[in-house]
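Undergrad:
Residue numbers (my numbering), protein chains in the order written: chain A, 71 to 517; chain B, 2 to 88.
1. Strictly below 9 angstroms CB to CB, what residues from chain A border residue 48 of chain B?
2. Can you find a CB in chain B that lies within less than 9 angstroms of the CB of residue 349 of chain A?
3. Should residue 444 of chain A be flagged as near chain B, meaning a C-beta pair shorter than 9 angstroms?
4. For residue 511 of chain A versus residue 356 of chain A, is the C-beta distance shorter than 9 angstroms?
5. Any heavy atom of the ligand ADP closer than 8 angstroms to the beta-carbon of residue 508 of chain A?
6. Assuming the contact rule is C-beta atoms closer than 8 angstroms, residue 86 of chain A and residue 108 of chain A should be a hit. Round their C-beta distance to whole Å, please.
7. Hey, is the segment 330 to 339 of chain A in contact with the segment 18 to 27 of chain B, meaning 3+ C-beta pairs nearer than 8 angstroms?
8. Quick one: is residue 486 of chain A near chain B, going by C-beta distance under 9 angstroms?
9. What residue range does the beta strand (DSSP E) around residue 85 of chain A cover?
10. Need the endpoints of the alpha helix (DSSP H) that residue 78 of chain A sits in, please.
11. Taking only the alpha-carbon atoms, compute the straight-line gap between residue 361 of chain A and residue 382 of chain A and give it to the nearest angstrom.
12. Keeping to the same chain, check which residues put their C-beta closer than 6 angstroms to that of residue 481 of chain A; ignore five residues upstream and five downstream.
13. Determine, for residue 45 of chain B, whether the minimum Cβ-Cβ distance to residues of chain D falls below 9 angstroms.
14. Have a look at residue 368 of chain A and residue 274 of chain A and give me their C-alpha separation to the nearest angstrom.
15. Leaving out the 5 sequence neighbours to the left and right, which residues in its chain are closer than 8 angstroms to residue 388 of chain A when beta-carbon positions are compared?
16. What residues of chain A sit near residue 41 of chain B, judged by a beta carbon separation below 8 angstroms?
17. Compute the beta-carbon to beta-carbon distance between residue 404 of chain A and residue 358 of chain A, rounded to the nearest angstrom, for a pair I have assumed lies under 8 angstroms.
18. Tell me the DSSP secondary structure of residue 324 of chain A in three-state form.
19. Take the Cβ of residue 351 of chain A as the centre, count every other Cβ of all protein chains shown within 10 Å, and call the residue buried at 16 or more, exposed below.
20. Where does the unbroken alpha helix (DSSP H) through residue 495 of chain A begin, and where does it stop?
21. Nearest-angstrom Cα distance between residue 413 of chain A and residue 428 of chain A?
22. Might you give, ordered along the chain, the residues of its own chain that have their beta carbon closer than 7 angstroms to the beta carbon of residue 123 of chain A, omitting 5 neighbours on each side?
23. Assuming residue 465 of chain A and residue 484 of chain A are in contact, meaning their beta carbons sit under 8 angstroms apart, how far apart are those beta carbons, in whole angstroms?
24. Kindly give me the distance between the Cβ atoms of residue 444 of chain A and residue 32 of chain B, rounded to whole angstroms, as I take these residues to be in contact under 8 angstroms.
25. Which residues in chain B sit within 7 angstroms of residue 419 of chain A, going by Cβ to Cβ distance?
26. Going by DSSP, which residues form a beta bridge with residue 486 of chain A?
27. Run through DSSP, which three-state label would residue 147 of chain A get?
28. Our contact map puts residue 130 of chain A next to residue 89 of chain A with C-beta atoms below 8 angstroms; I'd like the distance itself, whole angstroms only.
29. What's the call for residue 115 of chain A, buried or exposed, on a 16-neighbour Cβ count within 10 Å?
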């Protein structure tokens, strides 16, 4: 039997709030399925499961705050109890289907209760109760059991249904529609019995002037102000720790992007307009491949020693329009081609801004990149995200005078910087990384 | 396409990326990217959506010039005119 635990969604995360279950007891889940939404204070995150199996019991109710590593649900039929590994989650795995949409055959319930297990939901409710809960749009995990046996009975559900909309009730179809269209359920007023949100309400919300898309999702227990404060505090804590603990050294170099620009322009003539490459994609890929060639900078400083990472999991530092930062990760970024980097970058940026990142996408990067080109600054000298040991910075690509073969030319130039942890490396290693980035950008056809 | 149609097309498209974008108070020559804080990904998206709406491919060389309301309007009017003549 396996456990589904609260994952670590970033180096600074100590606890998380379970916002929503997307599965229920009896559901079959597969590794990579999104099973819950967790609020890390910085952002609501869709969390995947790490095992195949059947959900045996949900042990934590929506709204509950639990520490990283706490068991959220019990799984049956999985090979071993495998929580997320401590230094990073598995890569972005293809999600076959939203598990909440799967109608699995009813599992036989009411088996021998397991002793010595947490008593939150020791025995699954009867099929009748589950059916009634489904009808009323009630999440069983949120129901308080009044029976002496700790089992949720029909009266508990009826009571909750009559108690009025303390918790918004949502029909499964409405939830599905809302999810597929990025509609914030919290912003929809239900017209069903007892204020329940029906599919029609979602369709109405979809027809209303778009507030979704480019705006940030607010489907969580926190309002925008609280989230901004939490995000600020989190950045403050992490950056203070970095400056307190990490003796940074800094290097900088200017790279001529003429060849890369010409090569991209050529590629872009053949690509559909919406898939055109932007310089950032070439810069990210060069950073990832350089990190592969200079493994001394790709990894973590843990317990007084450097631990190299197996893959180059590139953290992409993104600033949100409402303020604050999120750092989604491009897993094994050095193995991607430039179109894949471009597509991932576009996808991660969009979903970071609408609050729809997945847990695996917020795992610990092995090295991070701050790309401030679009902010129009020449260079960024970064603050390392502990326990990483390096941060690569890219400024804006700007046409400038440049000496080429003894003549003055106008070239698209970019300033590339490195902030590195002096405990792990010396400047000679750092210089090698910057020179490698330059070399890669001079031979774009090899990407 | 008339200049008014072109301007309306730009506004509609821009609002899909920046929901509260308002062109009415914007100077014709004002920089779209800096005014609406579009990053390079947003700009690719804007050009892609404009291209789809207008019904012709906007090459990257032309896209680079689409910096202001004035430039976009002029470009769309001229190009749609050409397409019309060819058809």
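Where a beta carbon is used, it is the ideal one built from N, C-alpha and C, also for glycine.
If you're wondering where the values come from, they're calculated on a predicted model, not measured in any experiment.
TA: From the atom records:
1. 343, 344, 346
2. yes
3. yes
4. yes
5. Among the components of this structure there are no ligands whatsoever, and the ligand ADP is therefore not found.
6. 5 angstroms
7. no
8. no
9. 85 to 91
10. Note, residue 78 of chain A: premise wrong, no alpha helix (DSSP H); not H, not E.
11. 7 angstroms
12. 326, 328, 472
13. Any reference to chain D falls outside this structure, whose protein chains are A and B.
14. 49 angstroms
15. 395, 396, 397, 398, 418, 419, 422, 423
16. 348, 349, 350, 443, 444
17. 4 angstroms
18. strand
19. buried
20. Segment: none, residue 495 of chain A is in no alpha helix (DSSP H) and carries neither H nor E.
21. 16 angstroms
22. 72, 99, 145, 146, 147, 148
23. 6 angstroms
24. Rounded, the Cβ-Cβ distance is 13 angstroms, inconsistent with contact.
25. 42
26. A:323, A:464
27. coil
28. Not a contact, Cβ separation roughly 11 angstroms.
29. buried
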